[in-house]
Amino acid sequence: MNDHPLTEHPVEQPIRAIDIDSIPGVEASYVVGRNGVTRIEACIKPGVYSNIPYVRVWKGEVCEAEFCQHNIVGVYFDQGEGA
Numbered sequence: 438m439n440d441h442p443l444t445e446h447p448v449e450q451p452i453r454a455i456d457i458d459s460i461p462g463v464e465a466s467y468v469v470g471r472n473g474v475t476r477i478e479a480c481i482k483p484g485v486y487s488n489i490p491y492v493r494v495w496k497g498e499v500c501e502a503e504f505c506q507h508n509i510v511g512v513y514f515d516q517g518e519g520a
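Just so you know, we're using the numbering used here here: the sequence shown kicks off at 438 and counts up by one.
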């Protein structure tokens, strides 16, 4: 298994929203500040042959949902307070 961190496209800024297409005919969006979503974070989980990028959606301290990169169709980043 590859023990190297994800470096090709590291996510360094906060994620504001994601669009998901994981079920045929059903799309969903998660946005920080809506429907109890408090944060969205990028993470990595080990796969059979390599590490796989995932995104976790949090409501407080509870992980509401988790999606692998193959089901994510859009990632929107927070522009920060100065934007």
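All C-beta atoms in this analysis are idealised placements derived from N, C-alpha and C, irrespective of residue type, glycine included.
Taking only beta-carbon atoms, is residue i less than 9 Å away from chain C?
i	result
residue 504	The chain inventory of the structure shown lacks chain C, comprising one protein chain alone.
Quick one: measure Cβ to Cβ for residue i and residue j, integer angstroms, because I've assumed they're closer than 8 Å.
i	j	result
residue 457	residue 504	6 Å
residue 477	residue 509	About 10 Å; that fails the 8 Å criterion.
residue 494	residue 501	5 Å
Can you tell me which residues form a DSSP beta bridge with residue i?
i	result
residue 478	493
residue 486	Answer is none; residue 486 lacks a bridge partner.
residue 503	493
residue 456	466 and 511
How far does the beta strand (DSSP E) with residue i in it extend, from its first residue to its last?
i	result
residue 515	Where residue 515 is concerned, there is no enclosing beta strand (DSSP E), given that its DSSP letter is neither H nor E.
residue 463	463–468
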